[in-house]
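Undergrad: For the sequence shown, our numbering gives the first residue as 7, with consecutive numbering after it. For each residue, glycine too, the CB sits at the ideal point set by N, CA and C. One structure follows; several queries about it will come next.
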Amino acid sequence: MVQVLQIGVYISVLIWCFGRAGCHYKQGVSRIAPYFNPNNGSVRGAPRKVLGTGVSDWNDTTSQCTLAMFGGDEAAYWACRTEYAFQQNWWPSPIAGLFSYQTWNGFDGFWRNGAVLEVLTNFMAFANNSRYISVVHSSYRNLSQLLRAYGPQPSYDDMAWYGLSFARIAELLGDSTFLSSAQQIYDWNWKNGWDTNTSNCHGGMWFDQDVNAKQTITNVQMLQLGARLYHLTSSRSRRQELMSRVNLTMDFLAKNFVINPLTFQIADGININNCTPNHVYGITCNSGVFLGGLAELYKATNQTSLLNVAQMVANATMTLSSKHGVLMEYCDLGNQTCDNDAKMFKGIFVRNLRYLADVSDQAHAKLYRGYLATNMRSLLSKSICEPTVKKPCNISYRDGRPFHNSTGPVFGTRWFGPFSFSSPMQDTSALELLVANIAQGTRCHGDGCAYDPPTPPPRPFTCQDHPCPADEACCAYSDYYTCCTPDQKCVNGICE
Numbered sequence: 007m008v009q010v011l012q013i014g015v016y017i018s019v020l021i022w023c024f025g026r027a028g029c030h031y032k033q034g035v036s037r038i039a040p041y042f043n044p045n046n047g048s049v050r051g052a053p054r055k056v057l058g059t060g061v062s063d064w065n066d067t068t069s070q071c072t073l074a075m076f077g078g079d080e081a082a083y084w085a086c087r088t089e090y091a092f093q094q095n096w097w098p099s100p101i102a103g104l105f106s107y108q109t110w111n112g113f114d115g116f117w118r119n120g121a122v123l124e125v126l127t128n129f130m131a132f133a134n135n136s137r138y139i140s141v142v143h144s145s146y147r148n149l150s151q152l153l154r155a156y157g158p159q160p161s162y163d164d165m166a167w168y169g170l171s172f173a174r175i176a177e178l179l180g181d182s183t184f185l186s187s188a189q190q191i192y193d194w195n196w197k198n199g200w201d202t203n204t205s206n207c208h209g210g211m212w213f214d215q216d217v218n219a220k221q222t223i224t225n226v227q228m229l230q231l232g233a234r235l236y237h238l239t240s241s242r243s244r245r246q247e248l249m250s251r252v253n254l255t256m257d258f259l260a261k262n263f264v265i266n267p268l269t270f271q272i273a274d275g276i277n278i279n280n281c282t283p284n285h286v287y288g289i290t291c292n293s294g295v296f297l298g299g300l301a302e303l304y305k306a307t308n309q310t311s312l313l314n315v316a317q318m319v320a321n322a323t324m325t326l327s328s329k330h331g332v333l334m335e336y337c338d339l340g341n342q343t344c345d346n347d348a349k350m351f352k353g354i355f356v357r358n359l360r361y362l363a364d365v366s367d368q369a370h371a372k373l374y375r376g377y378l379a380t381n382m383r384s385l386l387s388k389s390i391c392e393p394t395v396k397k398p399c400n401i402s403y404r405d406g407r408p409f410h411n412s413t414g415p416v417f418g419t420r421w422f423g424p425f426s427f428s429s430p431m432q433d434t435s436a437l438e439l440l441v442a443n444i445a446q447g448t449r450c451h452g453d454g455c456a457y458d459p460p461t462p463p464p465r466p467f468t469c470q471d472h473p474c475p476a477d478e479a480c481c482a483y484s485d486y487y488t489c490c491t492p493d494q495k496c497v498n499g500i501c502e
């Protein structure tokens with residue numbers, strides 16, 4: 007209890023400091039509706055249909071999405087169609103081929119395969135359906151499997167995306183195996199990544215095993231994951247441990263002024279030489295994950311002061327990172343090009359803005375939902391393409407054509423348009439936006455709510471199959487491989 011109250015003291019000081027330049031802080035189970043049956047992935051009133059293995063199964067009428075299925079909820083309808091196109095265009099499923107690294111056709115970044123699982127889970131939760139539930143179930147990996155999948159070891163932020171998704175899956179499905187894996191990921195990150203030298207910028211998570219950088223994303227991920235695990239955990243001693251770590255993480259963020267005290271923007275990290283923020287702002291996933299962390303912590307502590315901080319950070323991002331009310335990434339302006347990581351960032355922000363809206367008072371919830379609706383209208387009118395024979399759209403496939411014919415809708419990088427090309431990264435962000443717009447209380451009706459085609463096993467690729475793009479070296483280690491980035495070379499099974 008003392009540790010919970012400590013957060014309230016910290017937040018009060020944090021709010022007080024934000025109003026004054028130069029102020030320095032001194033330390034002083036399943037949650038799904040009964041309509042959904044997690045045991046067999048079915049929706050009540052809609053028995054799960056077992057499909058065959060042929061391509062024709064994808065044309066089964068249960069695959070189709072309609073407005074009527076979701077009681078007229080437009081966001082749920084578009085999210086349903088987008089998820090279907092997602093599976094059609096970039097077959098087979100996230101993480102299905104994690105060890106062979108032939109995962110999605112064009113979507114084979116390790117962290118992205120973890121992050122995308124949360125939006126698939128949220129669609130089931132917010133629209134009360136079980137479409138593609140086998141994709142979520144088959145994503146399970148234990149700690150050792152994840153560590154072996156991205157040699158020599160994944161960075162701590164990479165692992166945290168899996169922890170967040172697995173904890174969310176456990177929250178929705180009541181699945182103890184996912185919860186156990188999320189706990190293991192969190193503990194592994196903390197044991198190996200938390201700087202126990204408090205004189206070194208007051209602790210904080212290292213970015214990776216090189217221990218030469220402390221980035222915001224890793225710390226806000228651990229904040230959110232720790233808070234989420236707190237209210238998914240029944241053990242009193244474990245809850246005390248988690249809250250203690252959450253306190254330390256909040257302490258690190260405050261003492262190093264990761265949150266700008268004047269603009270409430272979130273810095274991308276700190277300079278470890280002088281323990282000051284690096285003043286790199288505009289990366290929307292940083293503020294988004296922080297918002298989600300505060301929302302989770304509010305659910306654990308019921309302290310409204312947490313929401314006060316979240317409101318200021320949310321308003322800063324919506325104001326300073328928007329163009330005509332539409333969210334933009336730092337690389338969305340001018341002739342800049344967002345890399346494959348950055349294409350995911352806006353989606354992560356709106357996912358967490360939805361989390362914040364769901365725990366906010368009526369006035370703030372209305373503000374956030376209005377902002378989300380504005381973004382959805384822009385996306386659907388200015389940055390969308392529907393592939394046809396005469397208009398195939400420009401869809402990026404990294405490893406050759408997909409198993410199925412391409413379909414839509416697909417979306418561009420910039421939500422304010424115009425559409426230029428699509429890849430699974432920006433379509434993930436688009437799906438996040440659509441899912442975030444689904445109205446509370448939405449229900450799915452009919453056989454299509456349980457659409458869940460079989461997922462075939464991935465083809466076991468090796469470097470001899472030439473799976474990597476021409477400018478990326480294929481790097482084999484043990485029985486696995488990965489594609490190095492264009493600026494790396496493969497040295498003894500490690501991209502350097």
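Taking 8 Å as the cut-off, does the stretch 321-338 touch the stretch 346-354 (at least 3 CB pairs, one atom from each stretch)?
TA: yes
Undergrad: So what's Val286 in DSSP terms, helix, strand or just coil?
TA: coil
Undergrad: Under DSSP, the beta strand (DSSP E) around Gly275 begins and ends at which residues?
TA: 275-277
Undergrad: Could you have a look at Ser241 and say whether DSSP puts it in helix, strand or coil?
TA: coil
Undergrad: Rounding to the nearest angstrom, what Cα-Cα distance links Asp364 and Ile444 in this structure?
TA: 11 Å
Undergrad: Just the Cα atoms here: how many angstroms apart are Cys490 and Arg242?
TA: 44 Å
Undergrad: Could you give the distance in angstroms between the alpha-carbon of Arg383 and the alpha-carbon of Leu359?
TA: 17 Å
Undergrad: Nearest to Gln70 by alpha carbon, out of Gln470, Tyr457, Glu478, Ser484?
TA: Tyr457
Undergrad: Which one of Val217, Asn314, Ala436, Val497 has the shortest CA to CA distance from Asn277?
TA: Val217
Undergrad: Buried or exposed: Thr202, going by 16 or more other Cβ atoms within 10 Å of its Cβ?
TA: Under this definition Thr202 is an exposed residue.
Undergrad: In chain order, what are the residue ranges of uninterrupted alpha helix (DSSP H) at least 4 long that sit wholly in the stretch 276-362?
TA: 290-307, 310-326
Undergrad: Output the boundary residues of the beta strand (DSSP E) element that contains Cys71.
TA: No beta strand (DSSP E) holds Cys71; DSSP gives it neither H nor E.
Undergrad: Please go through the stretch 381-456 and give each complete alpha helix (DSSP H) segment of 4 or more residues, from N-terminal end onward.
TA: 430-442
Undergrad: Going by CA-CA distance only, name the one from Asn346, Gly294, Gln432 that's closest to Tyr361.
TA: Gly294
Undergrad: Report the three-state DSSP secondary structure of Tyr487 (helix, strand or coil).
TA: strand
Undergrad: Taking DSSP as the reference, what is the three-state secondary structure of Gln189?
TA: Helix at Gln189.
Undergrad: Quick one: is Pro459 buried, meaning 16 or more other Cβ sit within 10 Å of its Cβ, or exposed?
TA: buried
Undergrad: Figure out for me which residue from Phe184, Tyr377, Leu385, Ala188 has the closest Cα to the Cα of Met165.
TA: Ala188 is the residue among Phe184, Tyr377, Leu385, Ala188 whose C-alpha sits nearest the C-alpha of Met165.
Undergrad: Check Trp194 in the structure and name its three-state DSSP category.
TA: helix
Undergrad: From the DSSP output, in three-state form, read off Val122 for me.
TA: Helix, per DSSP.
Undergrad: For the putative contact between Tyr487 and Cys469, defined by C-beta atoms under 8 Å, what is the C-beta separation to the nearest angstrom?
TA: 5 Å
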